[in-house]
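Next up, the structure:
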């Protein structure tokens, strides 16, 4: 598979196909980050579009030396999410999370027993509600670490805070989320 | 090591990710075995973190990628219209049509070569519509004139033949018609051998006296070449 940095170079030379490949490769990650943060599929869709528009316009400013393309993409997404969060703070008080839930990923689902699938879907929805009750700082940290699978150093680059702060936020976010989910009646399994 | 509930919470992620030193890990475990609250918290966090790791990403809405590409690269209906314009290529590009097309192109090339059009001699000025029309017109006239002259030449040949052979039953031409002979006193060079073959009857008398006839034809073909050259020169200077 062609490296992201090469695709970026091709994009800068005006190759639409390279841009299409970049979009196809990263849309899911960006959409998931937006969806987990906002808890709303429609908002997440709009925000994802906004993210890629911004990326498209500022692609020439991307330098591979400063970090991997996905990290840069995540930074842009996160900054937009924070802007969006501040913009919509007042409206959100009355918002419901039941809005529109996107379908679970189809991949591997056929191999899964139906009850397990339902379980995963249930967890996904409960998790969404639990995340919504976390503060934005803790929420973004937990999402980046446990749902997006980023390394601590990458999260540090995205959030622009010291490593100690990153670790502390992730830790507190996990404990808080576990408490909320338990309160919501979810039982820990292992 | 003195371990308490606050420390357990603070270092929980380090514990889950195996980042505690052996001494810290031992103290952590020792505290858990004596604290039910911490044991429960660790079990909950561990379980939910594991579940989150196993959770697959939700699928993006199906139209999202297309929307993003439209918003960035512009509406891609251009691609569709391109397909509309050039869609017929795939239809034509089938063996049957391709072979037919190749045969048609080949025959056009052969005909144009036969008509005296060689791509190597083709100039830019030759491609302008007025020149194409003019040369086509000239070719048509030349072809017609050659055909007409050929028929007249044949007539003359038969006439001469009939005069040389006085047998009455082999007289095919009754009307001598000398006028067209004077009008079209030009003959293509390739018509000579045909006439020669037609003008060689087995009779020995004819063969001996056919000399003047060849002389006549020879002068005709020379005159024809001269005329053609003068036409060429006049059309070149017209361009």
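Residue numbers (our numbering), protein chains in the order written: chain P, 1 to 190; chain B, 1001 to 1239. We put the CB at the ideal spot given by N, CA and C, even for glycine. Bear in mind the structure is a predicted one, so any value in this text is a computation, not a measurement.
If residue 1020 of chain B sits next to residue 1045 of chain B, beta carbons under 8 Å apart, how far is it from one beta carbon to the other, in whole angstroms? Rounded, the Cβ-Cβ distance is 15 Å, inconsistent with contact.
Which of helix, strand or coil DSSP assigns to residue 1058 of chain B: Here residue 1058 of chain B sits in strand by DSSP.
Please work out which residues of its chain come closer than 6 Å, Cβ to Cβ, to residue 75 of chain P, disregarding the five sequence neighbours upstream and downstream, and give them in chain order. Around residue 75 of chain P, the same chain offers 158 as residues with beta carbons nearer than 6 Å, after the five sequence neighbours per side are excluded.
CB contact below 9 Å: residue 171 of chain P versus chain B: Any Cβ of chain B closer than 9 Å to the Cβ of residue 171 of chain P would place that residue at the interface, and such an atom is present.
9 Å is my cut-off, CB to CB: does residue 124 of chain P come that close to chain B? Yes, residue 124 of chain P lies at the interface with chain B (some Cβ there is under 9 Å from its Cβ).
Determine contact between the region 6-23 of chain P and the region 1034-1041 of chain B, defined as no fewer than three beta-carbon pairs at a distance below 8 Å. Using a Cβ-Cβ distance cut-off of 8 Å, the region 6-23 of chain P and the region 1034-1041 of chain B are not in contact, since fewer than three pairs of beta carbons, one from each stretch, lie closer than that value.
Member of P:8, P:177, P:121, P:162 whose CA lies at the smallest distance from the CA of residue 136 of chain P: Measuring from the Cα of residue 136 of chain P, the nearest candidate turns out to be P:177.
Just to confirm my understanding: we take residue 77 of chain P, look at its own chain, exclude 5 residues before and 5 after, and list those with CB closer than 7 Å. What are they? Taken in chain order, the residues that qualify are 30, 33, 34, 51.
Host alpha helix (DSSP H) of residue 1004 of chain B (start-end): Per DSSP, residue 1004 of chain B belongs to no alpha helix (DSSP H) and is neither H nor E.
Own chain, CB closer than 7 Å to residue 138 of chain P, minus 5 neighbours either side, in chain order: Same-chain partners within the cutoff: 169, 172, 173, 176.
Apart from the five residues just before and just after residue 1241 of chain B, which ones in its own chain have a Cβ nearer than 6 Å to its Cβ? Within the shown structure, residues of chain B are numbered from 1001 to 1239, placing residue 1241 of chain B beyond reach of any answer.
Just reading off the alpha helix (DSSP H) that residue 1103 of chain B is part of, what are its end residues? Annotation: the continuous alpha helix (DSSP H) that includes residue 1103 of chain B extends over 1095-1114.
Using a cut-off of 8 Å between C-beta atoms, extract the partners of residue 69 of chain P located in chain B. Chain B residues near residue 69 of chain P: none, gap ~16 Å exceeds 8 Å.
Spatial neighbours of residue 155 of chain P in its chain, beta-carbon cut-off 8 Å, leaving aside the 5 residues before and after: Excluding residues within five positions, the ones whose Cβ falls inside 8 Å are 141, 144, 145, 166, 170.
Pick helix, strand or coil for residue 185 of chain P, following the three-state DSSP scheme. Correct three-state label for residue 185 of chain P: coil.
How do the region 1097-1104 of chain B and the region 40-56 of chain P stand: do at least 3 beta-carbon pairs fall below 8 Å, yes or no? Not touching, per the Cβ criterion.
Check the Cβ-Cβ distances between residue 175 of chain P and every residue of chain B, and say whether any is below 9 Å. For residue 175 of chain P, the nearest CB of chain B lies under 9 Å from its own CB, placing it at the interface with that chain.
When you compare only the Cα positions, how much space is there between residue 45 of chain P and residue 65 of chain P? The straight-line gap separating the alpha-carbon atoms of residue 45 of chain P and residue 65 of chain P is approximately 30 Å.
8 Å Cβ cut-off: residues of chain P touching residue 1032 of chain B: None at all; the shortest Cβ gap to chain P is about 15 Å.
Let me see if you follow: with CB-CB separation under 9 Å, is residue 1061 of chain B close to chain P or not? At least one chain P Cβ lies under 9 Å of residue 1061 of chain B.
Does chain P have any CB closer than 9 Å to the CB of residue 1241 of chain B? In the structure displayed, chain B extends from 1001 to 1239; residue 1241 of chain B sits before or after that span and is not available.
Taking only the alpha-carbon atoms, compute the straight-line gap between residue 1161 of chain B and residue 1141 of chain B and give it to the nearest angstrom. Taking C-alpha positions only, residue 1161 of chain B is separated from residue 1141 of chain B by approximately 30 Å.
On a CA-only basis, which of B:1095, B:1135, B:1099 is nearest residue 1112 of chain B? Give me that one, please. When only C-alpha atoms are compared, the closest one is B:1135.
Just verifying my parser: in three-state terms, what is the DSSP assignment at residue 1141 of chain B? Taken through DSSP and simplified to helix, strand or coil, residue 1141 of chain B comes out as helix.
Could you check the C-alpha separation between residue 1067 of chain B and residue 49 of chain P for me, to the nearest Å? The C-alpha of residue 1067 of chain B lies about 7 Å from the C-alpha of residue 49 of chain P.
Nearest residue (CA-CA) to residue 152 of chain P, options P:38, P:11, P:62, P:71: The residue with the shortest Cα to Cα distance from residue 152 of chain P is P:71.
Residue 1071 of chain B touches chain P at which residues, Cβ-Cβ below 7 Å? Near residue 1071 of chain B (Cβ distances below 7 Å), the residues of chain P are 49, 53.
With a threshold of 9 Å between beta-carbons, can residue 29 of chain P be considered close to chain B, or not? So, interface residue.
Since residue 1064 of chain B meets chain P, which of its residues come closer than 8 Å, beta carbon to beta carbon? Against chain P, the beta carbon of residue 1064 of chain B has neighbours under 8 Å at 27, 31, 45, 48, 49, listed in chain order.
Could you check what DSSP says for residue 85 of chain P in three-state terms: helix, strand or coil? Residue 85 of chain P: helix per DSSP, three-state reduction.
Sequence ranges, alpha helix (DSSP H) only - wholly within the region 19-91 of chain P, length at least 4: Runs found: 41-58, 69-87.
Three-state secondary structure assigned by DSSP to residue 3 of chain P: The answer is coil: DSSP assigns residue 3 of chain P none of H, G, I, E or B.
To which residues of the same chain is residue 1093 of chain B closer than 7 Å at the C-beta, ignoring the five residues directly before and after it? Hits under 7 Å: none found.
Please state if the CB of residue 39 of chain P and the CB of residue 128 of chain P are separated by a distance shorter than 9 Å. Result yes, Cβ atoms of residue 128 of chain P and residue 39 of chain P sit closer than 9 Å.
Just to confirm before moving on: does the CB-CB distance between residue 1016 of chain B and residue 1058 of chain B stay below 9 Å? Not closer than 9 Å, so no.
I'd like the list of long-range same chain contacts for residue 1014 of chain B, defined as Cβ closer than 7 Å, with 5 residues on each side in sequence excluded. In its chain, beyond the 5 residues on either side, 1020 have a beta carbon closer than 7 Å to the beta carbon of residue 1014 of chain B.
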